[in-house]
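Protein chains in written order, with the working numbering: chain A, 6 to 335; chain B, 29 to 276.
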């Protein structure tokens, strides 16, 4: 009941929707960078959205399936293949025992997500499966996946062999997700003004609204360092440390911006210029170093509406995936 | 509310978090009040609540607005207003402020301020124009309040440092070993994990500040008081050894 890592990728970690509730002991939420893709990966294979998934960066791993398995791959397009045959993304796929999953080329996006039906059989740490690399805890032994790791799955009741045609290495199941709305206009990132937005000089406000910002190569799961025309405060502000969030845009002393991402520190003291709206974090998570961002001021009501409609669509997706799966196996 | 006017502010931290700021400063009373507000909120859970983080003089509530709306806590577009009301109520009801600030748990931390355990001690002492022994004496003389835990899992922000030890951060962060005791500004702190850090490391404790496997992973919590006690390198190794044996 497992698969094994034949060859690890750049950074493959177990994630879920985050470790919430431990900020007061300095433990950050972590979790999937693209929460939407992680949720959908789970729902497509009939899991609860809170199950663990593997977050994969490019170059990706090579994975040997030791049993017939129902999987889904969502998020970035690293052209996944089973025994060198391309398989679809954002769609459930039954893969045959002893086949190998591989990600030969980077087409588009920052990270993809791999779910298995039933979920990975792991122990939670502080209520979450997410890997906290700094603390060396959570996920799979608190580490990124490495060669030889065997990931066990939870018991499942579906007999997948019946869904595989003779000779074929995989079978695509006939339901998929339309993700167009979530990722459209990939470079346009909506934001709400932060507490120190009004401290920016008028020309800096304009620069933030008008100019493009480049994602610096040193960007990672902790934060995206942006490169653009330096911004300046009209009057200096001294802040004592306070809580920051996934999406907080801070102004560094150099005049450059940093967007805090999933593995951000719990607290910070740099001016909070803006906050990326939560509904646009999946888009941001799929941008890569050297990509550009255009910030768009958004109405807070709209920001919340986007989240609400996304949540409602996920509920519908969950129900229809369960119905499809039940029909398949009955 | 002695000394505390109603001069607080409440503002959004994006679309999924809200902060109440009591004054943006390092002040024991504001910190006590912040922790009281945090405790008041912790005791009153609601659907969609994700986290509550108290800092020096602020408290932030993280929430899922869609979850709140779907649970019927707030109508569409009303989650923020609902939370603002909750924070104002927390400010009114949490506390009251204690007459004195004593009464917190006192935790003694053994620290070796010598040799390899104190990579920056001599530099800081030279900069301050005092012998290293005097610097250590000033550091161990203080009883420090844990204002907040942040930056790293279990990292305590302790204050206030003796005025003669005040020093700006390092220009560039350097590698710090787990247990490193640092000073910067008017603060002192302890690195729970190996990490880059910008504070001057004047000693190291063998005590684990963060133990992922423990039921309560962080040794310290906001509101505790900390006193440092000098130990020798031999003591350091003995305590480290005892700690690692205890985990076998």
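For each residue, glycine too, the CB sits at the ideal point set by N, CA and C.
Residue i - DSSP class collapsed to helix/strand/coil
{"i": "residue 30/B", "result": "Note that residue 30/B has pLDDT 42, beneath the 50 cutoff, so the model's placement of it is unreliable and the number below is only indicative. Coil, per DSSP."}
{"i": "residue 235/B", "result": "coil"}
{"i": "residue 312/A", "result": "helix"}
{"i": "residue 168/B", "result": "helix"}
{"i": "residue 17/A", "result": "strand"}
{"i": "residue 83/B", "result": "coil"}
{"i": "residue 289/B", "result": "In the structure displayed, chain B extends from 29 to 276; residue 289/B sits before or after that span and is not available."}
{"i": "residue 155/A", "result": "strand"}
{"i": "residue 256/A", "result": "strand"}
{"i": "residue 96/B", "result": "helix"}
{"i": "residue 264/B", "result": "helix"}
{"i": "residue 209/A", "result": "helix"}
{"i": "residue 67/A", "result": "strand"}
{"i": "residue 90/A", "result": "strand"}
{"i": "residue 234/A", "result": "coil"}
{"i": "residue 29/A", "result": "helix"}
{"i": "residue 269/A", "result": "coil"}
{"i": "residue 57/B", "result": "helix"}
{"i": "residue 176/B", "result": "strand"}
{"i": "residue 324/A", "result": "helix"}
{"i": "residue 75/B", "result": "coil"}
Identity of the residue in the options nearest residue i by Cα
{"i": "residue 49/B", "options": "79/B, 83/B and 72/B", "result": "83/B"}
{"i": "residue 159/B", "options": "192/B, 134/B and 135/B", "result": "192/B"}
{"i": "residue 67/A", "options": "10/A, 251/A, 330/A and 145/A", "result": "10/A"}
{"i": "residue 89/A", "options": "72/A, 52/A, 185/A and 110/A", "result": "110/A"}
{"i": "residue 186/B", "options": "271/B, 91/B, 54/B and 151/B", "result": "54/B"}
{"i": "residue 197/B", "options": "207/B, 68/B, 182/B and 215/B", "result": "215/B"}
{"i": "residue 82/A", "options": "102/A, 227/A and 61/A", "result": "61/A"}
{"i": "residue 238/A", "options": "269/A, 224/A and 201/A", "result": "201/A"}
{"i": "residue 277/A", "options": "254/A, 95/A and 290/A", "result": "254/A"}
{"i": "residue 16/A", "options": "50/A, 147/A, 124/A and 91/A", "result": "147/A"}
{"i": "residue 299/A", "options": "312/A, 281/A, 310/A and 316/A", "result": "281/A"}
{"i": "residue 41/A", "options": "261/A, 102/A and 314/A", "result": "314/A"}
{"i": "residue 32/A", "options": "254/B, 177/B, 234/B and 242/B", "result": "177/B"}
{"i": "residue 123/A", "options": "235/A, 268/A, 46/A and 285/A", "result": "46/A"}
{"i": "residue 76/B", "options": "266/B, 207/B, 61/B and 96/B", "result": "96/B"}
Inter-residue CB distance, residue i and residue j (contact presumed, cutoff 8 Å)
{"i": "residue 168/B", "j": "residue 256/B", "result": "5 Å"}
{"i": "residue 218/B", "j": "residue 115/B", "result": "Not confirmed; about 31 Å, so no contact."}
{"i": "residue 204/A", "j": "residue 242/A", "result": "6 Å"}
{"i": "residue 50/A", "j": "residue 77/A", "result": "5 Å"}
{"i": "residue 18/A", "j": "residue 144/A", "result": "6 Å"}
Inter-residue Cα distance where the pair is residue i and residue j
{"i": "residue 56/A", "j": "residue 79/A", "result": "14 Å"}
{"i": "residue 123/B", "j": "residue 64/B", "result": "5 Å"}
{"i": "residue 30/B", "j": "residue 121/B", "result": "Because residue 30/B carries a pLDDT of 42, less than 50, the predicted location of this residue cannot be relied on, and no value is offered for it."}
{"i": "residue 231/A", "j": "residue 203/B", "result": "25 Å"}
{"i": "residue 142/B", "j": "residue 104/B", "result": "60 Å"}
{"i": "residue 41/B", "j": "residue 199/A", "result": "7 Å"}
{"i": "residue 233/A", "j": "residue 193/A", "result": "15 Å"}
{"i": "residue 94/B", "j": "residue 307/A", "result": "12 Å"}
{"i": "residue 201/B", "j": "residue 163/A", "result": "53 Å"}
{"i": "residue 172/A", "j": "residue 191/A", "result": "39 Å"}
{"i": "residue 52/A", "j": "residue 39/A", "result": "17 Å"}
{"i": "residue 215/A", "j": "residue 247/A", "result": "29 Å"}
{"i": "residue 252/A", "j": "residue 218/A", "result": "15 Å"}
{"i": "residue 135/A", "j": "residue 155/B", "result": "44 Å"}
{"i": "residue 64/A", "j": "residue 25/A", "result": "29 Å"}
{"i": "residue 228/B", "j": "residue 57/B", "result": "28 Å"}
{"i": "residue 142/A", "j": "residue 130/A", "result": "7 Å"}
{"i": "residue 294/A", "j": "residue 244/A", "result": "30 Å"}
{"i": "residue 133/A", "j": "residue 266/B", "result": "35 Å"}
{"i": "residue 233/B", "j": "residue 248/B", "result": "14 Å"}
{"i": "residue 226/A", "j": "residue 261/A", "result": "18 Å"}
{"i": "residue 1/A", "j": "residue 153/A", "result": "Here chain A covers residues 6 to 335 and nothing more, so residue 1/A does not appear."}
Neighbouring residues, chain C, relative to residue i (Cβ below 9 Å)
{"i": "residue 37/A", "result": "Reference to chain C is not applicable here, since the protein chains of this structure are A and B."}
Residue i beta carbon near the ligand SAM (any heavy atom closer than 8 Å)
{"i": "residue 96/A", "result": "With respect to the ligand SAM, the structure shown offers nothing to examine, as it has no ligands at all."}
Closer than 8 Å, Cβ to Cβ, to anything on chain B: give me those residues from the segment 189-204 of chain A, in chain order. Sequence-ordered contacts of the segment 189-204 of chain A with chain B read 197, 199 and 200 [C-beta pairs closer than 8 Å].
Along the segment 173-190 of chain B, where does the CB come closer than 8 Å to a CB of chain A? Name the residues. Cβ contacts with chain A: 176, 177, 178, 179, 180, 181, 182, 183 and 185.
Check each residue of the segment 58-69 of chain B: if its Cβ is closer than 8 Å to any Cβ of chain A, include it; give the result in chain order. From the segment 58-69 of chain B, only 66 have a Cβ closer than 8 Å to chain A.
Contact residues within the segment 74-87 of chain B, judged by C-beta distance below 9 Å to chain A: 77, 78, 79, 80, 81, 82, 83, 84, 85, 86 and 87
What residues in the segment 289-307 of chain A bring their beta carbon closer than 7 Å to a beta carbon of chain B? 305 and 306
Which residues of the segment 90-102 of chain B have a Cβ closer than 7 Å to any Cβ of chain A? Give them in chain order. 90, 93, 94, 97 and 98
Closer than 9 Å, Cβ to Cβ, to anything on chain B: give me those residues from the segment 171-189 of chain A, in chain order. none
The segment 258-269 of chain B: which residues have C-beta closer than 8 Å to a C-beta of chain A, in chain order? none
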